[in-house]
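The structure appears right after this line, and notes come after that.
Protein chains: 2
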Amino acid sequence: MSLFEELQQLLAPDRVTRNQTILEQHSKDESWHEPCVPDVVVYPINTNEVSEIVKLADKYNTVIVPFGLGSSLEGSIIPYHKGITIDFSYMNKILEVREEDFLVRVQPGVTRLQLNKELKKHGLFFSVDPGADATLGGMTATNASGTTSVKYGVMRDQVRDLEVVLADGSIIHTGNLAAKSSSGYHLNGLFVGSEGTLGCFTELTLKVYGIPEYIMAARASFESINHAVDAVTAILQAGIPVARVELVDEKSIKQINLFSETDYQEVPTIFLEFHGNEAGLKQDVDFMREIVEDFHCKSMEFETETASRNRLWEARHHTAYAFIHGFPGKKQMTTDVCLPISELAEAIKDARDAIEGTGLPGGIVGHVGDSNFHTLLMIDVHHPEDIEKASLVNQRIVNYALAKGGTCTGEHGVGIGKQKYQEKEHGEAIHVLRKIKSAFDPGGVLNPGKVVTEVSEKSL
Amino acid sequence: MSLFEELQQLLAPDRVTRNQTILEQHSKDESWHEPCVPDVVVYPINTNEVSEIVKLADKYNTVIVPFGLGSSLEGSIIPYHKGITIDFSYMNKILEVREEDFLVRVQPGVTRLQLNKELKKHGLFFSVDPGADATLGGMTATNASGTTSVKYGVMRDQVRDLEVVLADGSIIHTGNLAAKSSSGYHLNGLFVGSEGTLGCFTELTLKVYGIPEYIMAARASFESINHAVDAVTAILQAGIPVARVELVDEKSIKQINLFSETDYQEVPTIFLEFHGNEAGLKQDVDFMREIVEDFHCKSMEFETETASRNRLWEARHHTAYAFIHGFPGKKQMTTDVCLPISELAEAIKDARDAIEGTGLPGGIVGHVGDSNFHTLLMIDVHHPEDIEKASLVNQRIVNYALAKGGTCTGEHGVGIGKQKYQEKEHGEAIHVLRKIKSAFDPGGVLNPGKVVTEVSEKSL
Numbered sequence: 040m041s042l043f044e045e046l047q048q049l050l051a052p053d054r055v056t057r058n059q060t061i062l063e064q065h066s067k068d069e070s071w072h073e074p075c076v077p078d079v080v081v082y083p084i085n086t087n088e089v090s091e092i093v094k095l096a097d098k099y100n101t102v103i104v105p106f107g108l109g110s111s112l113e114g115s116i117i118p119y120h121k122g123i124t125i126d127f128s129y130m131n132k133i134l135e136v137r138e139e140d141f142l143v144r145v146q147p148g149v150t151r152l153q154l155n156k157e158l159k160k161h162g163l164f165f166s167v168d169p170g171a172d173a174t175l176g177g178m179t180a181t182n183a184s185g186t187t188s189v190k191y192g193v194m195r196d197q198v199r200d201l202e203v204v205l206a207d208g209s210i211i212h213t214g215n216l217a218a219k220s221s222s223g224y225h226l227n228g229l230f231v232g233s234e235g236t237l238g239c240f241t242e243l244t245l246k247v248y249g250i251p252e253y254i255m256a257a258r259a260s261f262e263s264i265n266h267a268v269d270a271v272t273a274i275l276q277a278g279i280p281v282a283r284v285e286l287v288d289e290k291s292i293k294q295i296n297l298f299s300e301t302d303y304q305e306v307p308t309i310f311l312e313f314h315g316n317e318a319g320l321k322q323d324v325d326f327m328r329e330i331v332e333d334f335h336c337k338s339m340e341f342e343t344e345t346a347s348r349n350r351l352w353e354a355r356h357h358t359a360y361a362f363i364h365g366f367p368g369k370k371q372m373t374t375d376v377c378l379p380i381s382e383l384a385e386a387i388k389d390a391r392d393a394i395e396g397t398g399l400p401g402g403i404v405g406h407v408g409d410s411n412f413h414t415l416l417m418i419d420v421h422h423p424e425d426i427e428k429a430s431l432v433n434q435r436i437v438n439y440a441l442a443k444g445g446t447c448t449g450e451h452g453v454g455i456g457k458q459k460y461q462e463k464e465h466g467e468a469i470h471v472l473r474k475i476k477s478a479f480d481p482g483g484v485l486n487p488g489k490v491v492t493e494v495s496e497k498s499l
Numbered sequence: 040m041s042l043f044e045e046l047q048q049l050l051a052p053d054r055v056t057r058n059q060t061i062l063e064q065h066s067k068d069e070s071w072h073e074p075c076v077p078d079v080v081v082y083p084i085n086t087n088e089v090s091e092i093v094k095l096a097d098k099y100n101t102v103i104v105p106f107g108l109g110s111s112l113e114g115s116i117i118p119y120h121k122g123i124t125i126d127f128s129y130m131n132k133i134l135e136v137r138e139e140d141f142l143v144r145v146q147p148g149v150t151r152l153q154l155n156k157e158l159k160k161h162g163l164f165f166s167v168d169p170g171a172d173a174t175l176g177g178m179t180a181t182n183a184s185g186t187t188s189v190k191y192g193v194m195r196d197q198v199r200d201l202e203v204v205l206a207d208g209s210i211i212h213t214g215n216l217a218a219k220s221s222s223g224y225h226l227n228g229l230f231v232g233s234e235g236t237l238g239c240f241t242e243l244t245l246k247v248y249g250i251p252e253y254i255m256a257a258r259a260s261f262e263s264i265n266h267a268v269d270a271v272t273a274i275l276q277a278g279i280p281v282a283r284v285e286l287v288d289e290k291s292i293k294q295i296n297l298f299s300e301t302d303y304q305e306v307p308t309i310f311l312e313f314h315g316n317e318a319g320l321k322q323d324v325d326f327m328r329e330i331v332e333d334f335h336c337k338s339m340e341f342e343t344e345t346a347s348r349n350r351l352w353e354a355r356h357h358t359a360y361a362f363i364h365g366f367p368g369k370k371q372m373t374t375d376v377c378l379p380i381s382e383l384a385e386a387i388k389d390a391r392d393a394i395e396g397t398g399l400p401g402g403i404v405g406h407v408g409d410s411n412f413h414t415l416l417m418i419d420v421h422h423p424e425d426i427e428k429a430s431l432v433n434q435r436i437v438n439y440a441l442a443k444g445g446t447c448t449g450e451h452g453v454g455i456g457k458q459k460y461q462e463k464e465h466g467e468a469i470h471v472l473r474k475i476k477s478a479f480d481p482g483g484v485l486n487p488g489k490v491v492t493e494v495s496e497k498s499l
């Protein structure tokens, strides 16, 4: 029997496909990285099937790539070594809501909006919110974050337990249901962000939160991006507990207005949100207002109604799509550095200079509460000079961040796009990262070529 | 040359010792576990010396055990394989306070009170507060926590970067200064809680916090421990953002009163603290007051003055010592389970039954905001029946927690005391833990016999 036949026997014929359209759907993510089709796409419905698929990959000396919705931004799910792409679409059940324990147990194919729709019935919400309506399995694989991590933390902070299929097909649990543990090595943390290179997630137990009693959102607009960043730094220094604080530059606001039909003033803007009780929030907001006035805040608009708040955050979440929509035929290259807050203002200044030097359309948005910002550059992948220019911008921004104690990727992951910065960022620890990969996946079956590889560019 | 001579040459003669008194000081921690002296104790003053010591251990086919202040509770630092104990007392410098970034860089021998004394000058504090004035290196090694983790998180949440000497003497950094990162595998998380079995920490970069604008502490006393636990559960369910919430049973209050010269009512009590702005806190406290009344709260006392608040928390931190002081000649055996909050009330009921059955003196205290509780049992280690009784209590409490999705250790670590529960707790993942240990320390040089071993009791 061939691998294809064995897979068909293991699953059902309609859950194993070589249909060209489907292969192409699994050949790319939302990035500019070159597509590559897998040999076959499979749709398991349970953990045992995933385990058997991994064993078959090993038997036939091929590889597997786990696939959520393909919304990654660094090529994490592109199967450059071909093989089997495991699509988790059919493993999309919310298995348990433990309301009292603020925990949910889900399959990896559940998306964040799907989960939040269910949680709302219980007065709960899941906090991590990347721009895309990604799957929770994919978000765990890249240690995703978003606008709320300044208060609630990143994906890694939400994971209590993972069920994982390892390279040999064995099935483990990485954690438990307790709020903390000092037992054994911290496997949760190790698997979150491993991009399918150490195992395949088949079940996730995640922390959720009560919907806050009172929520207030605001937009503050500034004369310059520097004033805006300085205002954010001052707000954080003052210890005002923001739940969200997002920077959007004037070019991004313009694209947002075009795409989301909003009429926000096209100047550098901070989107903010506060969660708490009414009395506490009023005091926080008054304090915040005093601070931003020192930084030439032009105007401040509050959104207390749920509908206008939702519109605000939906507009923010769609910024990347707003650019893609605004420049048909072009692809987006996104930078993703994160660095200490004291270095943020200068880093953003340098990034703006870098972008403006290229003449490429693009903007800057940032989860500035975490000192993580993105430049969104629109490029024509058929024009090598566009790729070259954007790559140089990426390199300059990454090198700047690394020199200041930062990281090349705050939330998008390494994939292949940030591969070449790994040695520079991790130094001697790169050998430890490789040792871990070898210990978990000696045969190189699991998403090879991602996160760590044996070969990488020494000189940047 | 002998190992001893080589060590003397490497360091200075006065920083290498076989003095019997000093060996004995390094033979034990604060637990009941049997002491064992090392062959030699060394006091390095920098990272390179630590690296060379590890290389010498390997050369002479002996082992190393890193040692902070010996305040561990599970025998983590007892050198049962003899060898070299590395005492970090001389590596106790606060290297940098990055006020704007809410970060500090310290050597591993700095203690939490030493750090907080320095941070106070900057309007900052370090949040993690185990009972002992432990070293930050030791707290990182066991993933310590304490009364504030319900709001600020555990030790693992504070670590941004570690400088680590590995088994081969090489020196790595595990992280960076950014608030979040998706680059490479999460080495910070892996090393925190590794109890010296994967490497020796030589420098730590930790997150610190601004001292809150307003702090309010309270003691609420209840008719029964069940009412107290139910009240805490209700407070957490209601989403009231407590900074601390500690359960202390009537027997522990009695010991506290004797030791700390307080006159707290000797009934089951909840110690609480709230951090925030004045208006917000008042609203939270009013809401909390309404809730506790539903659970037969007998009285509630507020401590707003700094001195009385400090007395309250000092008394709480000294609970374990209060018992030790109260029962001269006896040792303490402490349990440390953590489980989902929905299971806490029943777990504490069962633990009380277990203790009372033994007739041993002891009490229950708990970081109930995390659903982590301790039973403190006083035993005479010369009476095998005391050890047997206490072991059975530990076993019953651990088995209860594991059956409910909890962990055998919430914050004290595995050491040797929780070794025998590792297979039961981690299931198939135990093989992964062993694989990690082998990948990092193939020669078994680093604190052997702790966290994971090849042999462990299958039947409990």
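Residue numbers (our numbering), protein chains in the order written: chain C, 40 to 499; chain Y, 40 to 499. The beta-carbon is built from N, C-alpha and C at its ideal position, and this holds for glycine as well. Just so you know, these numbers come straight off a predicted model, no measurement behind them.
- Taking a cut-off of 8 Å for Cβ pairs, the region 320-328 of chain Y and the region 279-293 of chain Y touch, as three or more such pairs fall below it.
- Contact between the region 424-443 of chain C and the region 459-478 of chain C is present: three or more C-beta pairs spanning the two stretches fall below 8 Å.
- For Y:S338, the pairing in a beta bridge is given by DSSP as Y:S260.
- Cβ neighbours of C:K388 within its own chain (closer than 7 Å, five residues either side excluded): N265.
- Contact with chain Y is absent for C:K459, since none of that chain's Cβ atoms lies less than 8 Å from the residue's Cβ.
- Interface annotation for the region 367-394 of chain C against chain Y: C377, L378, P379, I380, S381, criterion Cβ-Cβ distance under 7 Å.
- Between C:S291 and C:I403, the CB-CB gap stays under 8 Å.
- If only uninterrupted beta strand (DSSP E) runs of at least 3 residues are considered, those enclosed by the region 137-161 of chain Y are 142-145.
- In the structure shown, C:K370 adopts extended strand secondary structure according to DSSP, grouped into three states.
- If only complete runs of 3 or more residues are kept, the region 192-260 of chain Y shows the beta strand (DSSP E) at 198-204, 210-212, 239-246, in order along the chain.
- Note on the region 303-351 of chain Y: whole alpha helix (DSSP H) runs with a minimum of 4 residues are 317-332, in chain order.
- Using a Cβ-Cβ cut-off of 8 Å, C:E285 does not count as an interface residue toward chain Y, since no Cβ of chain Y sits closer than that to its own.
- For Y:G452 against Y:S115, the beta-carbon gap comes to about 5 Å, under 8 Å, which counts as contact.
- In the structure shown, the three-state DSSP call for Y:G398 is coil.
- Counting C-beta pairs closer than 8 Å gives three or more between the region 230-237 of chain C and the region 171-191 of chain C, which meets the contact rule.
- A Cβ of chain C is located within less than 8 Å of the beta carbon of Y:R137.
- Per the coordinates, the alpha-carbon of Y:I295 lies some 30 Å from the alpha-carbon of Y:D196.
- Comparing alpha carbon positions, the residue from C:S128, C:H65, C:V145 closest to C:E135 is C:V145.
- Residue environment analysis places Y:H421 among the exposed positions, since fewer than 16 neighbouring C-beta atoms fall within 10 angstroms of its C-beta.
- At least one CB atom of chain C sits nearer than 8 Å to the CB of Y:D409.
- For Y:C377, the pairing in a beta bridge is given by DSSP as Y:N411, Y:T446.
- Using a Cβ distance threshold of 8 Å, Y:R199 and Y:L175 do not count as a contacting pair.
- Judged by DSSP in its simplified three-state form, Y:P105 adopts strand.
- DSSP, read as helix, strand or coil, puts C:R57 in coil.
- Taking C-alpha positions only, Y:T343 is separated from Y:A256 by approximately 6 Å.
- For Y:Q197, not one C-beta of chain C is nearer than 8 Å to its own C-beta.
- Look at the beta carbons and you see the region 50-63 of chain Y not touching the region 465-478 of chain C: under three pairs across the two are nearer than 8 Å.
- Counting along the chain, C:D97 sits inside the alpha helix (DSSP H) bounded by residues 86-98.
- Among the CB atoms of chain Y, none fall inside 8 Å of the CB of C:S70.
- Residues of the region 200-212 of chain Y with a C-beta atom less than 9 Å from some C-beta of chain C are D200, V203, L205, S209, I210, I211, H212, listed in chain order.
- Under a 10 Å Cβ-count criterion, Y:K98 is classified as exposed, with fewer than 16 other Cβ atoms of the shown protein chains found around its own Cβ.
- Beta-carbon to beta-carbon, C:T186 and C:H413 are separated by about 12 Å, too far to satisfy the 8 Å threshold.
- Out of Y:T60, Y:H212, Y:E289, the CA that lies nearest to the CA of C:A468 is found in Y:H212.
- Excluding sequence positions up to five before and after Y:T124, its CB lies within less than 6 Å of the CB of H65, P77, V80, V104, F106, P118, all in the same chain and listed in chain order.
- Between C:G122 and C:V93, the C-beta gap is not smaller than 8 Å, which leaves the two residues out of contact.
- Judged by DSSP in its simplified three-state form, Y:V79 adopts strand.
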